[in-house]
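Residue numbers (the numbering used here): 888 to 1039.
Following: one structure in structure tokens, then a few remarks.
The following block contains the structure:
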């Protein structure tokens, strides 16, 4: 009797579902066009299909591969919830409070997910990433975000 690689199977299923969602969304919301005259939905649809197929292949190879027995991995719920919370905080704060508070909130919340993080490293990382985000959004992408604003 063979055991299966549960982390690879779970990852493959997640990747396949993500690729399928992207492909279906792009195909239903954008014009795909033809091969000679591609529309704006051709690339995201094709990319979603490729990602979905790769996820299915990962799932199948993991399910068919014979490996030593593994336990199903434990999920670090604290880290998962805090990282997802940091993404939500960024999306809320970027328009209301500005770029710097949004980046600081992301870094602080995500750093709290790591039990080994210190206040000093969090502050330094927040400062560096705030400046880096400003430079990337302003000069590399040409996007104008307000840097800081009091929302109340």
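Note that the Cβ used here is the ideal one computed from N, Cα and C, for glycine as well.
Alpha carbons only, please: which of 904, 936 and 898 is nearest the one belonging to residue 914? What you label residue 914 is simply residue 27 of the chain shown in a count that begins at 1. The shortest Cα separation from residue 914 among 904, 936 and 898 belongs to 936.
Assign residue 1035 to one of three DSSP states: helix, strand, or coil. Residue mapping note: residue 1035 aligns to position 148 of the chain shown, counting from 1. When DSSP states are grouped into helix, strand and coil, residue 1035 belongs to the coil group.
So, with DSSP's three-state summary, where would you put residue 1030? Along the chain shown, read from residue 1 onward, the residue named residue 1030 stands at position 143. Coil.
Less than 9 Å separating the beta-carbons of residue 987 and residue 1035? Within the chain shown, residue 987 is the residue found at index 100, counting from 1. Within the chain shown, residue 1035 is the residue found at index 148, counting from 1. Judged by beta-carbon spacing, residue 1035 lies within the 9 Å limit of residue 987, meaning their Cβ atoms are closer than that value.
Would you report the Cα separation of residue 940 and residue 899, rounded to the nearest angstrom? Position 53 of the chain shown, counted from the start, is the residue given in the question as residue 940. Position 12 of the chain shown, counted from the start, is the residue given in the question as residue 899. Rounded to the nearest angstrom, the two C-alpha atoms are 10 Å apart.
Return the Cβ separation of residue 949 and residue 895 in integer angstroms, given the expectation that the two are a contact with Cβ distance under 8 Å. If you number the chain shown from 1, residue 949 lands on position 62. If you number the chain shown from 1, residue 895 lands on position 8. About 3 Å separates the CB atoms of residue 949 and residue 895; that is less than 8 Å, so the two are in contact.
Can you look up residue 888 in the DSSP assignment and give me helix, strand or coil? Looking up residue 888 in the chain shown gives position 1. Confidence at residue 888 is low in this model, with a pLDDT of 39, below 50, so its placement is unreliable and no value can be given for it.
Assumed close pair residue 995, residue 980 - CB separation to whole angstroms, cut-off 8 Å: The sequence position of residue 995 within the chain shown is 108, counting from 1. The sequence position of residue 980 within the chain shown is 93, counting from 1. That belief does not hold up - the Cβ atoms of residue 995 and residue 980 are roughly 11 Å apart, past 8 Å.
Which same chain residues, not among the five before or five after residue 999, have their C-beta less than 7 Å away from its C-beta? For the purposes of this step, residue 999 is taken as the residue at position 112 of the chain shown. In the same chain as residue 999, and ignoring 5 residues on each side of it, the C-beta atoms closer than 7 Å to its own belong to 969, in chain order.
Just how far apart, CA to CA, sit residue 1007 and residue 1028? By 1-based counting over the chain shown, the position of residue 1007 is 120. By 1-based counting over the chain shown, the position of residue 1028 is 141. Straight-line measurement puts the Cα of residue 1028 at about 30 Å from the Cα of residue 1007.
Distance check for residue 983 and residue 1037, CA to CA, integer angstroms please. Start at 1 with the first residue of the chain shown, and residue 1037 comes out as number 150. Start at 1 with the first residue of the chain shown, and residue 983 comes out as number 96. Approximately 8 Å, taken between the alpha carbons.
Specify, as a first and last residue, the run of the alpha helix (DSSP H) that residue 895 falls within. Taking the chain shown and counting its residues from 1, one reaches residue 895 at position 8. Judged by DSSP secondary structure, residue 895 falls within the alpha helix (DSSP H) whose first and last residues are 893–916.
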